[in-house]
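Undergrad: Just dropping this structure here.
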Amino acid sequence: MQTHQYDVVIVGAGGAGMRAALEAGQRARTAVITKLYPTRSHTGAAQGGMCAALANVEEDNWEWHTFDTVKGGDFLVDQDAAEIMAKEAIDAVLDLEKMGLPFNRTPEGTIDQRRFGGHTRNHGEAAVRRACYSADRTGHMILQTLYQQCLKNDVEFFSEFYVLDILTNDVEGERRTAGVVAYDLASGEIHIFRAKSVVFATGGAGKVYKTTSNAHTLTGDGMAIAYRRGIPLEDMEFFQFHPTGLAGLGILLSEAARGEGAILRNSEGERFMERYAPTLKDLAPRDVVARAMANEVREGRGAGPNKDYVLLDLTHLEPAHIDAKLPDITEFARTYLGIEPYTEPVPVYPTAHYAMGGIPTNVETEVLADNERVLPGMFAAGEVACVSVHGANRLGTNSLLDINVFGRRAGIAAAAFAAKAPWVDLPESPEADTVEMLETLRDRQDGERIADLRRALQETMDANAQVFRSEATLKQALSDIHALRERYSRASVQDKGKRFNTDLLEGLELGFLLDLAEVIVVGALERKESRGGHFREDYQNRDDVNYMRHTMAYRTSNEDGSTGVRLDYKPVVVTRYQPMERKF
Amino acid sequence: MTLTTEAPGATPAEAPSAIPSFQVTMRLRRFNPESDTEPRWENHTLTMHGTDRVLDALHKIKWEIDGSLTFRRSCAHGICGSDAMRINGRNRLACKTLLKDLPLKKPITVEPIKGLAVQKDLVVDMEPFYAAYKSIMPFLITTGNDPSRERRQSPADRERFDDTTKCILCAACTTSCPVYWSDGQYFGPQAIVGAHRFIFDSRDEGAEQRLEILNDREGVWRCRTTFNCTDACPRGIEVTKAIQEVKQALLFRRV
Chain A
27 MQTHQYDVVI VGAGGAGMRA ALEAGQRART AVITKLYPTR SHTGAAQGGM
77 CAALANVEED NWEWHTFDTV KGGDFLVDQD AAEIMAKEAI DAVLDLEKMG
127 LPFNRTPEGT IDQRRFGGHT RNHGEAAVRR ACYSADRTGH MILQTLYQQC
177 LKNDVEFFSE FYVLDILTND VEGERRTAGV VAYDLASGEI HIFRAKSVVF
227 ATGGAGKVYK TTSNAHTLTG DGMAIAYRRG IPLEDMEFFQ FHPTGLAGLG
277 ILLSEAARGE GAILRNSEGE RFMERYAPTL KDLAPRDVVA RAMANEVREG
327 RGAGPNKDYV LLDLTHLEPA HIDAKLPDIT EFARTYLGIE PYTEPVPVYP
377 TAHYAMGGIP TNVETEVLAD NERVLPGMFA AGEVACVSVH GANRLGTNSL
427 LDINVFGRRA GIAAAAFAAK APWVDLPESP EADTVEMLET LRDRQDGERI
477 ADLRRALQET MDANAQVFRS EATLKQALSD IHALRERYSR ASVQDKGKRF
527 NTDLLEGLEL GFLLDLAEVI VVGALERKES RGGHFREDYQ NRDDVNYMRH
577 TMAYRTSNED GSTGVRLDYK PVVVTRYQPM ERKF
Chain B
24 MTLTTEAPGA TPAEAPSAIP SFQVTMRLRR FNPESDTEPR WENHTLTMHG
74 TDRVLDALHK IKWEIDGSLT FRRSCAHGIC GSDAMRINGR NRLACKTLLK
124 DLPLKKPITV EPIKGLAVQK DLVVDMEPFY AAYKSIMPFL ITTGNDPSRE
174 RRQSPADRER FDDTTKCILC AACTTSCPVY WSDGQYFGPQ AIVGAHRFIF
224 DSRDEGAEQR LEILNDREGV WRCRTTFNCT DACPRGIEVT KAIQEVKQAL
274 LFRRV
């Protein structure tokens with residue numbers, strides 16, 4: 027076992043982690059620990075753009091952006107946080123440009139902007155061109171640019187190190203952050219990282235579902251590790267299903283396609299979004315569009331031999347325009363489905379895309395231990411966190427914005443905290459729990475396969491906790507999850523080695539996914555209303571009287587060693603905008 | 024070893040059109056540093072479907088037959104660059120190579136990319152590759168104060184370096200290069216692509232420094248224009264052309 031000491035340790039090297047590292051690294055001794063090489067992070071898969079009211083191509087301002095974010099999030103957004111994000115968006119985009127990000131340009135040479143779902147002029151009048159973009163690979167450019175800046179600034183990375191635990195200790199009766207425990211995938215060795223500040227930027231948990239746009243590695247590690255150590259998880263029942271995943275595969279086709287003019291059609295060729303969202307049509311927020319698509323299929327108007335998808339029609343767009351603005355996603359259609367988007371509509375269906383919920387933080391990115399207190403020294407930003415700027419449904423492009431705005435804030439806050447905070451002693455045997463978890467799983471003989479259990483989990487989540495939910499389906503999911511947890515306690519891995527044991531890694535990841543699935547489903551069961559990405563067949567309306575509040579889920583331990591979920595609630599921060607009926 | 028099992032999940036009912044299933048034999052190069060002294064070949068015969076990729080076949084083996092099979096992967100749709108492998112003797116991304124596009128009558132061979140030390144099965148040591156990238160200063164270099172708004176760049180100037188911005192650092196190009204295999208000092212094509220992306224960016228002022236580095240004995244002049252790199256690039260970057268443009272920039276500025 028090795029022990030390291032840094033002022034700031036950042037866990038995760040996607041957009042949020044690297045943006046944080048650029049700030050923290052200038053101010054304090056910083057290390058970035060990442061399960062993947064930084065350039066493999068899923069920020070790179072983001073496509074369409076990053077919104078900021080630059081007003082380069084038409085009138086716009088940050089207040090309109092704030093309103094759209096709040097309304098898009100179905101009024102579960104904390105409005106103070108949304109206002110900060112929309113204001114700081116402008117500098118966040120300009121900062122990236124100054125770092126070298128190759129944005130698409132207007133004829134005048136300024137950053138070009140395009141339309142995106144839910145982003146409007148003057149509080150919903152019409153779609154506005156707010157998304158700054160680089161073809162349909164904006165996330166790739168952000169990830170590359172931030173990595174390049176990290177190289178320039180000699181940021182210290184521990185790549186393929188898997189953080190498995192948070193270390194805390196009591197100082198005069200107050201719980202404080204002491205560091206993290208990591209597993210070096212290459213050697214199988216345990217490393218203790220002692221730190222004054224820890225920033226979690228580990229990304230999402232899309233692999234809870236079977237059909238997802240998310241990478242195989244997005245298994246909610248950071249969320250689950252925090253949850254296991256008593257930190258609540260906020261609003262986990264809100265999961266975004268992106269409307270346009272490649273049918274049957276879940277691979278993302280950017281909303282930018284619709285921003286550039288593509289149209290969704292059912293088997294009858296009808297532009298069905300005109301019925302669901304008369305003003306914004308195909309550019310309504312994602313929850314609205316995803317539900318409309320699922321409803322078309324449910325009512326028998328799906329396309330294809332099994333009538334189980336709808337069609338994304340780009341055939342009326344000029345091929346040259348498609349090539350210039352949407353090259354990657356059209357290549358996905360060609361490569362994976364053999365469809366030529368110039369001439370044929372592309373089969374699409376909603377795909378699990380984004381966790382609106384996560385580790386609760388305040389606007390300074392400090393992690394909340396409960397509704398009243400923070401956990402000193404612990405910070406979170408990006409998809410792993412819930413600040414909450416996305417509320418019940420994230421608007422397209424606001425994730426790339428979130429990671430830049432709150433990643434930056436996390437780096438600054440973590441370094442500032444480290445500058446004044448004393449060192450916290452490591453707890454006794456800091457590695458013990460992690461070693462036991464690893465060895466128990468690695469050494470168990472003759473159990474069920476991890477992959478079989480994972481597939482069963484993903485199938486029940488797709489069937490019972492996806493776009494449409496009800497008490498009956500959620501109870502089914504919960505009982506399946508409990509049964510799978512029991513089976514997981516007897517599962518085994520085949521690879522018993524130390525070096526690059528990805529079999530063991532997948533086993534640990536499944537443990538995290540099971541914990542998170544339970545939190546998602548328990549939260550969804552208790553939320554007897556429909557809001558944003560959470561739609562209950564048995565409670566189809568939003569209920570502001572009883573449910574305009576954040577869910578805070580805590581892990582409980584029972585005497586028999588089993589665990590459960592306790593739900594508490596936190597008020598929504600409302601500043602400018604009172605809830606209104608959501609029409610698009 | 025030859026084993027046959029049914030494909031998971033990917034039932035034809037989920038596919039957008041009726042897709043036939045077929046038998047395929049995967050011939051894998053395996054090496055476990057904890058138990059093997061030499062790499063070995065291992066065959067698995069599987070039933071797969073028309074939309075399945077090489078990565079699906081590897082997952083099927085790992086998840087249903089042998090959990091110890093080790094490879095890197097993440098996004099599974101050609102964006103993260105984790106799963107570059109040598110498939111039927113050519114560097115490709117496993118997640119972007121459809122089985123049906125390969126000759127299925129013969130076994131499909133899958134080996135680690137060449138020129139980097141094998142750590143386990145299909146996993147190689149990426150550190151030398153990333154070090155070469157870092158050495159060409161792959162970041163925007165400017166002088167003077169930053170402007171208050173964005174730097175201006177015309178669409179034509181932006182287009183000038185568009186091709187090389189697509190790079191995902193998968194190493195398929197570099198590890199397909201015969202010069203790279205035989206010469207441990209050569210930067211390899213990717214580092215030159217990375218330099219090209221900035222040398223031809225109208226906002227950048229570091230071209231001279233980068234060209235100096237690339238003019239080194241182990242720099243661009245080692246390229247023998249075999250086009251392996253261009254063929255290997257899963258992003259369709261014209262790698263050889265980019266290298267030629269860097270060579271011309273060196274000649275033009277210096278002669």
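These protein sequence lines are chains A and B, in that order. Residues in the first sequence are numbered from 27 upward in steps of one, following my numbering. Residues in the second sequence are numbered from 24 upward in steps of one, following my numbering. We put the CB at the ideal spot given by N, CA and C, even for glycine.
#1: Between the segment 138-161 of chain B and chain A, which residues of the former have a C-beta closer than 7 angstroms to a C-beta of the latter?
#2: Using a threshold of 8 angstroms, state whether the C-beta atoms of A:Glu555 and A:Arg575 are closer than that.
#3: Can the beta-carbon of A:Ala491 be found closer than 8 angstroms to that of A:Ile546?
#4: With a Cβ-Cβ cutoff of 8 angstroms, do A:Gly417 and A:Gly433 count as a contact?
#5: For chain A, is any of its Cβ atoms less than 8 angstroms away from the one on B:Leu26?
#6: Contact criterion: CB-CB distance below 8 angstroms. Does A:Tyr565 meet it with respect to chain B?
#7: Check whether the Cβ atoms of A:Gly99 and A:Asn419 sit closer than 8 angstroms, and answer yes or no.
#8: Take A:Pro373 as the anchor and find which of A:Gly537, A:Val389, A:Ala318, A:Gly330 has the nearest alpha-carbon.
#9: Taking the beta carbon of A:Gln73 as the centre, do at least 16 other beta carbons fall within 10 Å, making it buried, or is it exposed?
#10: Quick one: Cα of A:Leu593 to Cα of A:Ala579, how far?
#11: Return the chain-ordered ranges of every alpha helix (DSSP H) run that is complete within the segment 453-491 of chain A and spans a minimum of 4 residues.
#12: Taking the alpha carbon of B:Ser171 as the reference point, which residue from A:Ile116, A:Thr423, A:Asp138 has its own alpha carbon closest?
#13: Of all the residues that make up the segment 64-83 of chain B, which are near chain A by a beta-carbon distance shorter than 7 angstroms?
#14: May I ask which residues mark the beginning and end of the alpha helix (DSSP H) holding A:Gly437?
#15: Near A:Val461, what residues of its chain come up, given a Cβ to Cβ distance below 7 angstroms and the 5 sequence neighbours on each side ignored?
#16: Which residues in chain A sit within 7 angstroms of B:Asn55, going by Cβ to Cβ distance?
#17: Let's test the definition: count the other Cβ atoms within 10 Å of the Cβ of B:Pro43 and tell me whether it reaches 16, buried, or not, exposed.
#18: Mind checking which residues open and close the alpha helix (DSSP H) that includes A:Phe358?
#19: B:Asp59 CB to nearest chain A CB: under 8 angstroms?
#20: From A:Ala346 to A:Ala283, what distance separates their C-alpha atoms?
#21: Under 8 angstroms between C-beta atoms, does B:Pro178 make it to chain A?
#22: Identify the continuous beta strand (DSSP E) that holds A:Trp449 and give its terminal residues.
#23: Return the chain-ordered ranges of every alpha helix (DSSP H) run that is complete within the segment 519-577 of chain A and spans a minimum of 4 residues.
#24: If the criterion is Cβ atoms closer than 8 angstroms, does the pair B:Thr188 and A:Met167 meet it?
#25: Output needed for A:Thr589: all residues of its chain with C-beta closer than 7 angstroms, excluding positions within five of it in sequence on either side, in chain order.
#26: By DSSP, does A:Arg513 sit in helix, in strand, or in coil?
#27: Looking only at its own chain, which residues have a Cβ that is under 8 angstroms from the Cβ of A:Ala482, when we skip the five neighbours before and after it?
#28: What number of angstroms, rounded off, separates the C-alpha of A:Val599 from the C-alpha of A:Gly383?
#29: Beta strand (DSSP E) containing B:Glu134: first to last residue?
#30: Provide the residue span of the beta strand (DSSP E) that contains A:Gly403, from first to last.
#31: Report yes if the C-beta distance between B:Glu241 and B:Gln208 is below 8 angstroms; otherwise report no.
#32: Less than 8 angstroms between the CB atoms is what I'm expecting for A:His529 and A:Asp521, so what's the real figure, rounded?
#33: Quick one: is B:Gly259 buried, meaning 16 or more other Cβ sit within 10 Å of its Cβ, or exposed?
#34: To which residues does DSSP link A:Pro386 through a beta bridge?
#35: Per DSSP, what kind of secondary structure is A:Ala283 in: helix, strand or coil?
#36: Looking at C-alpha atoms only, which residue of A:Asn240, A:Gly549, A:Val197 is the closest neighbour of A:Asp451?
TA: If we stick to the structure as given:
#1: Gln142, Lys143, Val146, Met149, Lys157, Pro161
#2: The Cβ atoms of A:Glu555 and A:Arg575 do not sit closer than 8 angstroms to each other.
#3: yes
#4: no
#5: Residue confidence is low: B:Leu26 scores 45 on pLDDT, short of 50, so the model does not pin down where it sits. Its coordinate-derived value is still stated next. Chain A contact via Cβ: absent.
#6: Output row for A:Tyr565: interface = no.
#7: yes
#8: That would be A:Gly330, whose Cα lies nearest to the Cα of A:Pro373.
#9: buried
#10: Straight across, the Cα-Cα distance linking A:Leu593 with A:Ala579 is about 5 angstroms.
#11: 458-469, 476-490
#12: A:Ile116
#13: Those residues of the segment 64-83 of chain B that come within reach of chain A (Cβ to Cβ, closer than 7 angstroms) are Thr74.
#14: That run of the alpha helix (DSSP H) goes 424-446.
#15: Ile216
#16: Gly523
#17: exposed
#18: Element bounds for A:Phe358: 353-363.
#19: no
#20: 14 angstroms
#21: yes
#22: Looking at the DSSP string, A:Trp449 is not in any beta strand (DSSP E), and its letter there is neither H nor E.
#23: Qualifying alpha helix (DSSP H) stretches, in chain order: 528-552, 570-573.
#24: yes
#25: Arg581, Thr582, Ser583
#26: helix
#27: Asp506, Leu510
#28: 16 angstroms
#29: Note, B:Glu134: beta strand (DSSP E), 131-134.
#30: 400-406
#31: yes
#32: The residue asked about is misnamed: residue 529 of chain A is Asp in this sequence, not His. Correct: roughly 4 angstroms between the Cβ atoms.
#33: Counting other Cβ atoms within 10 Å of its Cβ, B:Gly259 stays below 16 and is therefore classed as exposed.
#34: A:Cys412
#35: helix
#36: A:Val197
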